[in-house]
Amino acid sequence: MPLRIIIIGGGIGGLCLAQGLKQAGVEDVHVYERDSSPRGRMQGYRLRISPEGESALRACLPRRAQDLLSATANLRHEQGLAAYDEQLNPQWAPEFGDARGDAPDKIDAVDRMTLRRVLLAGLDGVVHFDRRFTAFDQVGDKVVAHFAGGHTVTGDVLVAADGANSQVRKQLRPEYQALDLGVRAILSRTPRAAAIKAGLPEVLRDRFVNVTGSNGLRLALMPMVFRGTPREAAARLWPGLEFDQAEDYYMSVFSVHREVLGLPDGEFLAMTGEQLRELVLERTADWHPDLRGVFAHAEPAETYPLALKATMPVEPWGQGRVVPLGDAVHTMPPTGGVGANTALRDAAALSQALAAVSRGETSLTDAVSGYQTEMVRYATEAIEMSLKIAKWSMRKIDVDSVS
Ligand SMILES: Cc1cc2nc3c(=O)[nH]c(=O)nc-3n(C[C@H](O)[C@H](O)[C@H](O)COP(=O)(O)OP(=O)(O)OC[C@H]3O[C@@H](n4cnc5c(N)ncnc54)[C@H](O)[C@@H]3O)c2cc1C
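Quick note on the UniProt record's numbering: the sequence shown kicks off at 1 and runs consecutively.
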């Protein structure tokens with residue numbers, strides 16, 4: 001049965017799904033994205049890619065897109081994390097194994113913007129920017145999606161890949177809201193050269209570093225050192241593909257419980273990048289000076305506030321024609337580095353399920369139900385792991401079901 005598939009949201013999960021469907025021979029696929037261009041908000045960071053996330057990417061992407069991602073991935077292979085207190089005294093940290101070992105082409109962290117560009121490659125005519133979804137109707141065995149400005153589209157399946165604040169979820173499952181963990185974070189990016197010049201010690205330069213200060217103030221510092229710059233790699237592997245200029249950087253996430261932060265959400269979430277940088281410098285005034293140099297050189301235009309949330313429990317959305325994927329159905333805090341990986345896993349599984357329907361091998365109801373049963377299982381594990389790490393590193397979060 002040929003299917004017309006409407007995907008709401010051209011983020012990590014939605015684009016990977018479109019790629020996976022294309023690879024599986026499903027051609028009538030359309031992605032609707034509210035951003036007016038690939039360079040939307042908060043694209044300037046790096047993402048850890050787990051073995052499961054890498055397998056999903058490789059299952060969905062054509063070979064040269066995989067090669068491009070590998071050629072631009074983070075050069076430094078991470079084995080676990082290094083933990084310190086705010087004076088840079090080493091602390092105990094949990095161990096993380098990685099079954100991929102030191103494989104030279106492994107993709108264990110990528111620049112988010114580069115990933116988005118690679119996921120968009122070859123999807124001309126499939127992805128429609130500047131289309132903000134507002135609502136859907138079910139009419140017989142069709143779904144009609146409505147967009148701001150009055151545009152409508154009709155399809156057989158509507159996939160909600162519209163992220164943590166999903167408008168589709170608000171309409172279909174308004175009761176499934178993610179819980180506020182009480183933790184507030186400031187994300188920022190510092191050019192690697194500036195951080196090193198400001199004194200970032202050698203031992204902290206190439207690893208995932210977690211610093212826990214008094215009062216549960218926490219800093220996670222992650223390097224993004226491109227194996228090859230995206231422009232050079234694309235010129236070699238996919239001539240004509242457009243990339244922004246990229247330089248190596250550190251992504252930092254400074255987190256604190258809102259009671260310790262002591263600012264109303266309205267005020268905190270409205271702060272500019274410059275104000276947020278000053279706030280971090282003020283709250284870390286007694287931290288080791290070599291760490292403070294990283295904040296001092298953070299780019300204000302790439303500095304944002306964030307409230308950490310988690311979906312608990314993860315619930316299926318039923319067996320209808322509106323199917324969830326990614327943060328829309330399982331929001332999780334970035335502490336585990338698995339939200340995007342779980343969205344990629346969803347994309348690989350759902351593309352296989354929908355391709356089987358399109359080939360007439362199974363019914364849509366069975367495919368949607370099988371996909372969601374599995375998704376709920378692995379997404380629940382991912383959220384529990386992320387919450388455990390949040391609790392370990394921040395000492396206090398506002399959920400009590402994590403031991
Ligand atoms: C600081 C930080 C660090 C992180 N680090 C990691 C990491 O290292 N590893 C990891 O696995 N995960 C990480 N995550 C989590 C990861 O970013 C998310 O889990 C992932 O982006 C979810 O993918 P998604 O496709 O579901 O949603 P998104 O990538 O958020 O995409 C949703 C898309 O839908 C669009 N959209 C929203 N509403 C509408 C609408 N009404 N109409 C049309 N389009 C709409 C949005 O513009 C967006 O493009 C991190 C998150 C943060 C905040």
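Just so it is clear, CB atoms sit at the ideal spot from N, CA and C, and this is done for glycine as well. Quick caveat: nothing in here was measured; it's all calculated off a predicted structure.
Q. Can you tell me the Cα-Cα spacing of Gly228 and Gly199, whole angstroms?
A. 25 Å
Q: May I have the straight-line CA-CA distance separating Leu306 from Leu279, to the nearest angstrom?
A: 14 Å
Q: Quick one: measure Cβ to Cβ for Pro230 and Tyr250, integer angstroms, because I've assumed they're closer than 8 Å.
A: Not a contact, Cβ separation roughly 18 Å.
Q | Opening and closing residue of the beta strand (DSSP E) in which Val118 lies | A | Looking at the DSSP string, Val118 is not in any beta strand (DSSP E); the run it does join, the alpha helix (DSSP H), is 112-120.
Q) Where are the beta strand (DSSP E) runs, 3 residues long or more, that stay fully inside the UniProt domain "FAD-binding" (297-383), in chain order? A) 304-310, 322-324
Q | Simplified DSSP assignment, three categories, for Ser188 | A | strand
Q. Is Glu33 buried or exposed, if buried means 16 or more other CB atoms sit within 10 Å of its CB?
A. Buried, since its Cβ has 16 or more Cβ neighbours within 10 Å.
Q.
Can you list, in chain order, the residues of its chain with a C-beta nearer than 7 Å to that of Asn341? Leave out the 5 residues immediately preceding and following it.
A. Ile49, Ser50, Glu52, Gly53
(Q) I need the boundaries of the alpha helix (DSSP H) containing Arg64, first residue and last residue. (A) 63-72
Q) Apart from the five residues on each side of it in sequence, which residues of its chain come closer than 7 Å, Cβ to Cβ, to Asp130? A) Answer for Asp130: Ser36, listed in chain order.
Q) Can Leu276 be considered in contact with ligand 1, in the sense that its beta carbon sits closer than 7 Å to one or more heavy atoms? A) no
**Q.** Local Cβ density within 10 Å of Leu269, reported as buried at 16 or more and exposed below that
**A.** exposed
Q. What does Ile5 pair with, by DSSP beta-bridge criteria?
A. By DSSP's assignment, Ile5 forms a beta bridge with Val29, Val157.
Q. At what residues does the alpha helix (DSSP H) containing Pro223 begin and finish?
A. First-last for Pro223: 218-224, but that is the beta strand (DSSP E), not the alpha helix (DSSP H).
Q. So what does DSSP say about Met251, is it helix, strand or coil?
A. strand
Q: Indicate, with yes or no, if ligand 1 has a heavy atom lying under 7 Å from the CB of Leu69.
A: no
Q: Please classify Gln138: does DSSP put it in a helix, a strand, or coil?
A: strand
**Q.** Bridge partners - Ala83, DSSP secondary structure assignment
**A.** Looking at the DSSP assignment, Ala83 forms a beta bridge with Gln91, Asn210.
Q.
Between Pro313 and ligand 1, is there a pair consisting of the residue's CB and a ligand heavy atom that are separated by less than 7 Å?
A. Outside the cutoff, so no.
Q.
Tell me the DSSP secondary structure of Ser403 in three-state form.
A. For Ser403, the pLDDT reaches just 44, beneath the cut-off of 50, and the residue's location in the model is therefore unreliable, although a value from the coordinates is still provided. The answer is coil: DSSP assigns Ser403 none of H, G, I, E or B.
Q: Kindly examine ligand 1 and report whether one of its heavy atoms sits closer than 7 Å to the Cβ of Gly266.
A: No, Cβ of Gly266 sits at least 7 Å from all heavy atoms of ligand 1.
**Q.** Delimiting residues of the beta strand (DSSP E) encompassing Arg48
**A.** 46-48
Q.
Could you give the first and the last residue of the continuous alpha helix (DSSP H) run that contains Ser55?
A. 51-60
Q: Check whether the stretch 295-310 touches the stretch 326-338, taking contact to mean three or more Cβ pairs, one atom from each stretch, closer than 8 Å.
A: The stretch 295-310 is in contact with the stretch 326-338.
Q. Between which two residues does the alpha helix (DSSP H) carrying Glu170 extend?
A. Contrary to the premise, residue 170 reads as Lys rather than Glu in this sequence. Here the alpha helix (DSSP H) through Lys170 covers 167-172.
Q | Cross-strand partners of Val183 (DSSP beta bridge) | A | His257
Q. Which residues bound the alpha helix (DSSP H) around Gly273?
A. 273-283
**Q.** Residue span of the alpha helix (DSSP H) that contains Asp35, given as start and end
**A.** No alpha helix (DSSP H) contains Asp35, which DSSP labels as neither H nor E.
Q: Assign Ala24 to one of three DSSP states: helix, strand, or coil.
A: coil
Q) Where Ser403 and Trp392 are concerned, what is the direct C-alpha to C-alpha distance, given to the nearest angstrom? A) Reliability of the predicted coordinates at Ser403 is poor, the pLDDT of 44 falling under 50, and no value is obtained from them.
Q: State the Cα-Cα distance for the pair Lys388 and Arg218, rounded to the nearest angstrom.
A: Lys388 and Arg218 have their alpha carbons spaced roughly 15 Å apart.
**Q.** Residue closest to Ile107, alpha-carbon to alpha-carbon, out of Thr303, Val225, Gln167, Pro300
**A.** The residue from Thr303, Val225, Gln167, Pro300 with its alpha-carbon nearest to that of Ile107 is Val225.
Q: Assign His103 to one of three DSSP states: helix, strand, or coil.
A: Rather than His, the amino acid found at residue 103 in this sequence is Ala. Residue state, collapsed to three classes: coil.
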